[in-house]
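Enquirer: Under this note's numbering, the first residue of the sequence shown carries the number 2, and numbering increases by one thereafter.
Where a beta carbon is used, it is the ideal one built from N, C-alpha and C, also for glycine.
Here the structure is a predicted model, which is why all the values come from computation and not from measurement.
Can you read through this structure? Questions will come right after.
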Amino acid sequence: MAEAYNTCIMDATQTNPGADWRETAFDLTRGIAAYCGCSLVGGLAKVIARHPQADVGNAFNHKQVACKLWARDKLFESCGSRFGSIWIVGGWYGVLAAMLFDDPRFDIGAIESIDIDPGVAEVAKTLNERWKERFRASTGDMYTLDYAGSRPDLVVNTSCEHIADLRAWLALLPPGTRVLLQSNDYFSEPTHIACVPSLQAFEKLAGLTEIAFAGALPMKKYTRFMLIGRV
Ligand SMILES: C[S@@+](CC[C@H](N)C(=O)[O-])C[C@H]1O[C@@H](n2cnc3c(N)ncnc32)[C@H](O)[C@@H]1O
């Protein structure tokens, strides 16, 4: 499958070396959005057109999507459908926010996506334009946010492998705050500064007072771990 794909890509580049892949991706995603009536794919088309620098192919690759579908399903099964406000820290390009808004099972008041990288908020806003009245994206360090003052119903952090001290961050949340956390054992990826070797190690590190879901999702090169519960 991967071999056939690589051959096709090489053929396409050789027959049309000047082809702008972004233009092709834009046409294709816009067409798929129209065919499927999918606002999220329409948002991806806008991101490709307006933010050529965004690494959206990485954020929306099939592994990233699988991990977020898993998060969405387990969240629904363990916590239900209604959330007043959700904060997604380390929210990157806002893919999980868009997937939650796009899922008719959920009734969500608002989602705020916060990321330390100043280059991602505008991309997240474009991706979530369809839900702009209920979506905010801002630049900030998850260690400096006022969780106690704002008291979101759910705090999501699927970037636990990217932060140095998970326990110190969790200690900032008011006791009882509901959280969804993901990490992985992908130690060889250079941007992963705090992977965990197993689900048990992740559970121990997080030290949640209540666990509604704990599970592992094996991928080809690594296993993703998820905890849903309360601090
Ligand atoms: C590669 S991305 C997301 C990976 C994760 N597996 C996912 O798909 O949600 C990790 C993000 O965490 C963000 N990040 C890292 N440290 C952060 C911090 N202290 N506060 C907020 N965002 C942070 C990075 O800027 C980046 O956008």
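Does ligand 1 have a heavy atom nearer than 7 Å to the CB of Met220?
Expert: Reading the sequence shown from its first residue, position 219 is the one you call residue 220. Not under cutoff, so the answer is no.
Enquirer: Just to check my reading of the structure: Thr127 and Val48 have Cβ atoms closer than 8 Å, yes? What is that Cβ distance to the nearest angstrom?
Expert: Numbered from 1 along the sequence shown, position 126 holds the residue referred to as residue 127. Numbered from 1 along the sequence shown, position 47 holds the residue referred to as residue 48. About 5 Å; that satisfies the 8 Å criterion.
Enquirer: Give every residue of the same chain whose Cβ lies closer than 6 Å to the Cβ of Lys222, excluding the five residues on either side of it in the sequence, and list them in chain order.
Expert: Taking the sequence shown and counting its residues from 1, one reaches residue 222 at position 221. There are no such residues.
Enquirer: What is the C-beta distance between Ala122 and Ala138, in whole angstroms, given that I count them as a contact (C-beta under 8 Å)?
Expert: To locate residue 122, count along the sequence shown from 1; it is residue 121. To locate residue 138, count along the sequence shown from 1; it is residue 137. Ala122 to Ala138, Cβ: 4 Å. Contact.
Enquirer: Measure from the alpha carbon of Pro153 to the alpha carbon of each residue in Asp56, Ser160, Ser114, Asp142, then state which is nearest.
Expert: Position 152 of the sequence shown holds residue 153. The option with the nearest alpha carbon to Pro153 is Ser114.
Enquirer: Would you say the stretch 189 to 204 touches the stretch 213 to 220, given that touching needs at least three Cβ pairs under 8 Å?
Expert: Contact holds: three or more Cβ-Cβ distances are below 8 Å.
Enquirer: By the DSSP assignment, the alpha helix (DSSP H) with Asp274 in it spans what residues?
Expert: Nothing can be reported for residue 274: it is not among the residues displayed for the chain, which extend from 2 to 232.
Enquirer: In three-state terms, what does DSSP make of Thr14?
Expert: As a first step, residue 14 must be located in the sequence shown, where it is residue number 13. Because Thr14 sits at a pLDDT of 48, beneath the cut-off of 50, its placement in the model cannot be relied upon, and the point is left open.
Enquirer: Have a look at Thr266 and Gly120 and give me their C-alpha separation to the nearest angstrom.
Expert: No information on residue 266 is available, as it lies outside the stretch 2 to 232 that the chain covers here.
Enquirer: Would you please state the rounded distance, in angstroms, between the beta carbons of Gly230 and Leu209? I believe it to be under 8 Å.
Expert: Taking the sequence shown and counting its residues from 1, one reaches residue 230 at position 229. Taking the sequence shown and counting its residues from 1, one reaches residue 209 at position 208. Gly230 to Leu209, Cβ: 4 Å. Contact.
Enquirer: Per DSSP, which residues does Val90 bridge with? Please list them.
Expert: Position 89 of the sequence shown, counted from the first residue, corresponds to residue 90. In the DSSP output, where bridge partners are listed per residue, Val90 has Ile115.
Enquirer: Inspect the beta-carbon positions of Ala207 and Leu181 and report whether they are closer than 8 Å.
Expert: In the sequence shown, the residue the question calls residue 207 occupies position 206. In the sequence shown, the residue the question calls residue 181 occupies position 180. Against a cut-off of 8 Å, the Cβ pair of Leu181 and Ala207 comes out as no contact.
Enquirer: Determine the burial state of Gln54: buried for a count of at least 16 other Cβ atoms within 10 Å of its Cβ, exposed for fewer.
Expert: For this step, residue 54 is matched to residue 53 along the sequence shown. Gln54 is exposed by the Cβ-count criterion.
Enquirer: Give the residues whose C-beta lies closer than 5 Å to at least one heavy atom of ligand 1, in chain order.
Expert: That query returns the following residues: Gly91, Trp93, Asp116, Ile117, Asp118, Asp142, Met143, Thr159, Ser160, His163.
Enquirer: Beta strand (DSSP E) containing Ile164: first to last residue?
Expert: To locate residue 164, count along the sequence shown from 1; it is residue 163. Careful: Ile164 lies outside any beta strand (DSSP E) and carries neither H nor E.
Enquirer: Whole angstroms is fine: what's the gap from Arg106's alpha carbon to Phe77's?
Expert: Here residue 106 refers to the residue found at position 105 of the sequence shown. Here residue 77 refers to the residue found at position 76 of the sequence shown. Straight-line Cα distance between these residues: approximately 8 Å.
Enquirer: How should Ser184 be labelled, buried or exposed, when 16 other C-beta atoms within 10 angstroms of its C-beta is the threshold for buried?
Expert: As a working mapping, residue 184 is identified with position 183 in the sequence shown. Buried: at least 16 other Cβ atoms inside 10 Å.
Enquirer: Where Arg23 and Trp71 are concerned, what is the direct C-alpha to C-alpha distance, given to the nearest angstrom?
Expert: Residue numbering aside, residue 23 sits at position 22 when the sequence shown is read from its first letter. Residue numbering aside, residue 71 sits at position 70 when the sequence shown is read from its first letter. One C-alpha to the other measures close to 29 Å.
Enquirer: So Pro175 and Tyr148 are supposed to be a Cβ contact under 8 Å. How far apart are they, rounded?
Expert: Numbered from its first residue, the sequence shown carries residue 175 at position 174. Numbered from its first residue, the sequence shown carries residue 148 at position 147. Indeed they touch by this definition, with Cβ atoms about 6 Å apart.
Enquirer: Determine the contact status of Arg99 and Gly58, defining contact as a CB-CB distance below 8 Å.
Expert: Taking the first residue of the sequence shown as position 1, residue 99 is located at position 98. Taking the first residue of the sequence shown as position 1, residue 58 is located at position 57. It is Ala, not Arg, that sits at residue 99 in the sequence shown. In this structure, Gly58 does not lie closer than 8 Å to Ala99 by Cβ.
Enquirer: Cutting at 7 Å between CB atoms, please list the residues of its own chain near Asn165, excluding the five before and the five after it.
Expert: Here residue 165 is taken as the residue at index 164 of the sequence shown, counted from 1. According to the sequence shown, residue 165 is Ala rather than Asn. Result list for Ala165: Ile194, Ala195, in chain order.
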